[in-house]
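Chain order of the listed sequences is Y and G.
The numbering used here applies: residue 1 is where the first sequence begins, and numbers increase by one.
The numbering used here applies: residue 161 is where the second sequence begins, and numbers increase by one.
Where is the CB? At the ideal position from N, CA and C, for every residue including glycine.
Predicted model, so just to flag it, every value in this text is computed and none were measured.
Below you'll find the structure, written out as structure tokens, and then a few comments.
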Amino acid sequence: MGEEATALPEIDLDKVDEVVDPFLGKKGIMIPVLQNLQEEYGYLPRPAMEKAARKLKIPVSKMYGVATFYAQFHLAPRGRNIIRVCKGTACHIQGASKISDRITEILGITTGETTEDYRFTLEEVACIGACALAPVMTINDNPHGRLTPDRIQEILDSYE
Amino acid sequence: MSKVKVTIDGREVEVPAGSTIYEAAQQVGVEIPTFCYDPELTRVGACRICVVEVEKARALVASCAAPVGDGMVVHTESERVVKARKNILRLILGNHPLECMTCQKTGDCKLQDYCYYYGVNEAGFEGEVKELELDDTNPFIRRDMNKCLLCGKCVRKCEEINGATAIDFMNRGFISNVGPAFDDPLEESPCVFCGLCVDVCPVGALLPRESIGKGRPWQVEKKEVVCPYCGVGCSINLHIKDGEVIDASAVEDSPVNRGHLCTKGRFGWDFLQSEERLTSPLVKQNGVFVETGWEEALQEVAKRLTEVRQKYGNDALAGLSSAKVTNEENYLFQKFIRELGTNNVDHCARLCHSPTLAGMEKAFGIAGMTNTIEEITGAGVILVIGSNTTETHPVVSYRVKEAVNNGAGLIVVDPRETRLAVEADSFLQVRPGTDVALLNGLAHLIIKEDLVDQKFIEEKTEGFEELKKTLDGYTPEYVEKITGVPAGELREAARLFGAAEKGSILYTMGITSHTSGTNNVLSVCNLAMLTGNIGEESTGVNSLCGQNNVQGACDMGALPDKLAGEHSIEEKDTGLTAVEMMKAAAEGEVKAMYIMGENPLLSEPHLEHVQEAMEKLDFLVVQDIFLSETAQKADVVLPAAAFAEKDGTYTNTERRVQLSRAAVAAPGEARADWEILCGLANKLGMNWDFSSPEEIMKEIASRNPNYAGINYQRLEESKGLQWPCPDLGHAGTPVLHREGFARGRGKFHPVEYAPPSEETDSYYPLWLTTGRHIFHYHTSTMTGRSRGLGSHVPEEMVQVNPEDASRLDISGGDTVEVASRRGKLNARADLTDMVPPGTVFMTFHSSELAVNFLTSDEMDAEAKVPELKVCAVNVRKAEQSH
Ligand code: SF4
Ligand code: SF4
Ligand code: SF4
Ligand code: FES
Ligand code: FES
């Protein structure tokens, strides 16, 4: 993995044109544009936002304001695999924080961070409605329930 | 409008339906606290400190946003209200750094005032304190977001008034914050440092950096002066402590700027206190300056001027007056030169304004911006041509912004994609120097599509048929070939302009500084008359003057062909213009020059000539506030008082004569220009007995019929008077040509497109166009000495389109050589698509990089304006970077 621990993936700004061009001249399009940009890049790279704002003649401060307001948008690159540890009441009581601590121990990242090799991003969610299986986490939307700290390594290993 | 009755704290009042409770309260003199409310901004009702109790309503309501209802009974300080306000204040204090002891805002802080009033001094709970980094990297504004209340007024000022939209809210919840995109420092954002946000911040989150630690509000005296920078003529309050200026703010009730300023007016005052101010007269002896007393210096000047007169005749003298000094001083200067027996007097408006004088006089009979700045807000469409208004006349650009917010259409014609161009409905990116073709093209289409104002043309104008003939050939396709503007875009712009009820045209040097300057102005006039956009509110041909007293200097007759007022001089007696003076000096015909407050060694085109000319003079006297490049060449230097150090009037671009009073003392021995002139005149036996500028104004009023009704008392009582003001009972003239044109009928002048004086070729394949940067002003004599303005944007760059750059193998930041047929210089390249391929752009502020070494001194045949705006250049990577 060491050799993969490189810096940011190269950003192909030509893709901004593909995303933005269909929206040119239309109104009320900031959110869909950001969604599509995020779809394209996995997150919202600064140069891509700047280029999109310029093309759409939207002040970049406005675009940044919207992008940081909604939790759905990410301003930093995220990992290939997104871990979401449930911090709902049931999971909390069943020891969710021990689960996060173990993940932090193995991957060296805390909530909101991404590993240097972009393999994992660690996030928190509120109750996902699987309280019966508490404590719970999802990885790329696959639920993993009845967790104990010693099962974590094995589960993480199954994601590339 | 229907009215409703409300009762506020027991007082009954009738207000228009739709007013807010807050507004109603103001009418009965009840003050309600506010944080997020500002009368000129969108109401957001965010902070809730303004809550009041309305009888029969269950919840408290935000008075700044809630409308009044008929019969409403309001209590603004009831127990419930006070409790709610206290709670809000406690919540704020919970995470507000309690630094009142050292905070610059103390005494002027709303949070402090309200806490004092309601007796709140602690949160009463342990709040989480923010630890955001201070943004202290720029020279103007210190941002401490830990003190921010998130009222959002700064965001709205920046977006709704300035239009820079440099800042916005970011994040949510506790960590939400206000600032530039990506949380960058202000300096790296589109912020233009107008300071509007600083002045509206209710707390100490945004502070003027220079003022920190220099004085408390109660130690400060505010004195009103007119801004010394551009032709808008904003009124500024200088904040003075112990005779020293420590801050400035906009005058709220000025009809010109109503509470707004730009970075120059807001932060550019500190040159007053520069160490480099001249404080004593200097006389050159054996090549070095020696400080002398006034008596000696004036004696020397009188003696040397007399010698030259006796030896070579009166016309061997020439004088350059200044668009930066008062009307009174301009009047005296030209009077002085003329009493010496020559008409060789001019000033730098020659470089920008004279085509306007020449063109408008021909078309309308009288020259001057036809309408008032404020009227721009009411226009249906605005055509901005050859004016980067945002940078050159920022406060005017706020009005354009306001008009656009009100729904006006915006057309921008410029070689560069300026900020207004970005916001425009129609942006026509013309090749430099092809404006006549473009304007003719617009006029052609307006006739063709029958968008002309037939009634106006028939009743008020002449020459329409001839114009029509000339315009016939200017089809969109032909125009496209010349200007590079696609025919379709030209059509759209013509329709937009032609269809609007009220069209206002704005222009500046992009139109005038060309060999075709006068023709450009004439075609602008044609367009306005065709569409009937003259003589009515919110229309007009609105020429924006560069310096703060260009209009005044012209009105005072600081011109070789005109006396104060409309009196023209017979052609055979006309004196030399500014550029001609330099040529005559180089040829040895002019032997002595008197230069007041001007710096031709930077501002005149084709600098090498000017330098030679100055060196050839027998005698040069320069009167200035700094030892400018020109002053260094002088034999005698006379130290002058600056704008805030003397009484006098200035006439702004909209013909408004405004009185500015001395606010601080001049440094050392420096004296007001009018005093110096009087002293000198009397040394030369002229017997002047003016004891104050007020007395000089009396003489002006008797000479210039447009000023006949103007005196200091009236100026003091009004907020300035717009000429023509023919008698003491006259209220001034906001709109020219309302009752018809001064020359009888407005005259259409058919003008043909002529290419710029030089062409590009294979050696000089690119167009160079020059302009101004918002942080700098003309030749930076003042801004360069302002700590903030001088240090911001320290390096002059040449803007190159990335397409050209890649062809020339230039990367951003490379040092390149820019060469014209006259000279060359090195500068670093800034790659940007603000300039179109084939065109490069430079400003003309810095003395290190005098771009006027490159420009041409070819002149407009009529107005004698040199072509500063275009010349052909070659750009290549410099051999050696340095
Ligand atoms: S100084 Fe002016 S441009 Fe800069 S953020 Fe404040 S309001 Fe906006
Ligand atoms: S910085 Fe000042 S004006 Fe801006 S939101 Fe904060 S408190 Fe309001
Ligand atoms: S717009 Fe002009 S007059 Fe107003 S503050 Fe700026 S420089 Fe001064
Ligand atoms: S609390 Fe974790 S799934 Fe409900
Ligand atoms: S002032 Fe009314 S809600 Fe802020």
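Asked	Found
Buried or exposed by the 16-neighbour rule on C-beta atoms within 10 Å, applied to Ala597 of chain G	buried
One or two residues paired with Asp990 of chain G in a DSSP bridge	G:Gln959
Boundaries (first-last residue) of the beta strand (DSSP E) holding Phe69 of chain Y	Here Phe69 of chain Y belongs to no beta strand (DSSP E); instead the alpha helix (DSSP H) covers Val60 to Phe69.
Interface positions of the region 28-57 of chain Y facing chain G (Cβ-Cβ less than 7 Å), listed along the chain	Arg46 and Lys57
DSSP three-state assignment for Lys15 of chain Y, whether helix, strand or coil	helix
Closest residue to Ile139 of chain Y among Y:Cys131, Y:Phe120, Y:Val33 and Y:Pro149 (Cα-Cα distance)	Y:Phe120
Coil, strand or helix - Asp328 of chain G by DSSP	strand
Under 7 Å between C-beta atoms of Val85 of chain Y and Ile99 of chain Y	yes
Lining residues of ligand 1 - beta-carbon closer than 7 Å to any non-hydrogen atom, in sequence order	G:Ile301, G:Cys314, G:Lys317, G:Cys318, G:Asn322, G:Ala324, G:Ala326, G:Ile327, G:Leu346, G:Cys351, G:Val352, G:Phe353, G:Cys354, G:Gly355, G:Leu356, G:Cys357 and G:Val358
Beta-carbon proximity of Phe73 of chain Y to Leu37 of chain Y, cut-off 7 Å	no
Secondary structure of Lys165 of chain G, DSSP reduced to three states	strand
Below-7 Å beta-carbon distance, Val582 of chain G vs any chain Y residue	yes
Phe69 of chain Y at chain G interface by Cβ criterion, 7 Å	yes
Cα-Cα separation, Val1033 of chain G to Ala823 of chain G	47 Å
Check: Ala914 of chain G C-beta below 6 Å from any heavy atom of ligand 2	no
Per-residue burial, Lys1085 of chain G [other beta carbons within 10 Å of its own, 16 or more giving buried]	One cannot answer for residue 1085 of chain G here, as it falls past the ends of chain G, which runs 161 to 1042.
Completely contained beta strand (DSSP E) runs for the region 810-873 of chain G, where each covers 3 or more residues	816-820
Within-7 Å CB hit, Val16 of chain Y to chain G	no
Distance CB(Glu637 of chain G)-CB(Ala647 of chain G) smaller than 7 Å	yes
Spatial neighbours of Thr266 of chain G in its chain, beta-carbon cut-off 7 Å, leaving aside the 5 residues before and after	Cys260, Gln272 and Arg376
Exposure label - Lys615 of chain G; buried when at least 16 CB within 10 Å	exposed
Chain Y contact for Ile327 of chain G (CB, 7 Å cutoff)	yes
Lys290 of chain G versus Ile335 of chain G: straight-line alpha-carbon distance, rounded	8 Å
Same chain, Cβ closer than 6 Å to Ala791 of chain G, five either side skipped, listed in chain order	Val782, Asp784 and Val797
Sub-7 Å separation of Val392 of chain G and His553 of chain G beta-carbons	yes
Neighbourhood of Ala410 of chain G by C-beta, 6 Å cutoff - its chain only, sequence neighbours within 5 removed	Asn417, Gly419, His420 and Leu421
DSSP bridge partner residues for Trp1105 of chain G (one or two, in chain order)	As shown, chain G starts at 161 and ends at 1042. That puts residue 1105 of chain G outside it, with no answer to give.
Coarse secondary structure for Tyr197 of chain G, derived from DSSP in three states	coil
Reduced DSSP secondary structure (H/G/I, E/B, other) of Tyr667 of chain G	strand
Distance between Gly757 of chain G and Pro441 of chain G (C-alpha atoms, nearest Å)	15 Å
DSSP state of Leu249 of chain G mapped onto helix, strand, coil	helix
Cβ pair Leu164 of chain Y, Ile103 of chain Y closer than 7 Å	Look at the range of chain Y in this structure, 1 to 160, and you will see that residue 164 of chain Y is not part of it.
Interface residues of the region 315-339 of chain G facing chain Y [CB-CB below 7 Å]	Thr325, Ala326, Ile327, Asp328, Phe329, Met330, Asn331 and Arg332
Test: Val20 of chain Y CB closer than 7 Å to a CB of chain G	no
Within chain Y, the residues that Ala568 of chain G reaches when beta carbons sit closer than 8 Å	In chain order: nothing, as chain Y lies at least about 17 Å away.
Chain-ordered neighbours of Val85 of chain Y on chain G, where CB pairs are closer than 8 Å	Chain G residues near Val85 of chain Y: none, gap ~20 Å exceeds 8 Å.
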